[in-house]
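In what follows, a single structure is set out as structure tokens and then discussed.
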Amino acid sequence: MVLEVALIDVLPGHEDEFAAAYAQGHPVLAGTPGCRSVRMTRGVESPTRFVLLVEWDSVEAHNDNFRATERFTRWRQLIGPHFAGPPLVEHFVDVPA
């Protein structure tokens, strides 16, 4: 399992519209084969900053089943107009205790 973390800054004044677009696009992302869970959080100190957390079976599941498909195009059409800049996206794996 890998965790995709996307740091998203939205245009000031677009916070509610972005949240509504996320709610509309959530099924598109969550229904992707290899997607285990999806969660969006919003900054308390920085309310225009959002963090998307997606658990994937693998980086390949993210890239091949989502990014390289029409699902990503639809997702981006919904949320992209509210971006203040390109999101910072990285993948992480758990560190054993």
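Numbering (full-length UniProt numbering), first residue to last: 1 to 97.
Cβ coordinates follow ideal geometry from the N, Cα and C atoms, glycine included.
- Between the alpha carbons of residue 62 and residue 52 lies a distance of about 14 Å.
- Using a 10 angstroms sphere on the CB of residue 2, the tally of other CB atoms reaches 16 or more, which defines it as buried.
- With contacts defined by Cβ atoms closer than 8 Å, residue 21 and residue 82 form a contacting pair.
- DSSP places residue 93 outside both helix and strand once states are collapsed to three, so it counts as coil.
- For residue 6, there is no enclosing alpha helix (DSSP H); the residue is part of the beta strand (DSSP E) that begins and ends at 2-9.
- Taking a contact to require three or more Cβ pairs closer than 8 Å, the region 29-42 and the region 58-76 qualify as touching.
- For residue 72, the enclosing alpha helix (DSSP H) starts and ends at 70-79.
- Take the alpha-carbon of residue 7 and the one of residue 40: they are about 10 Å apart.
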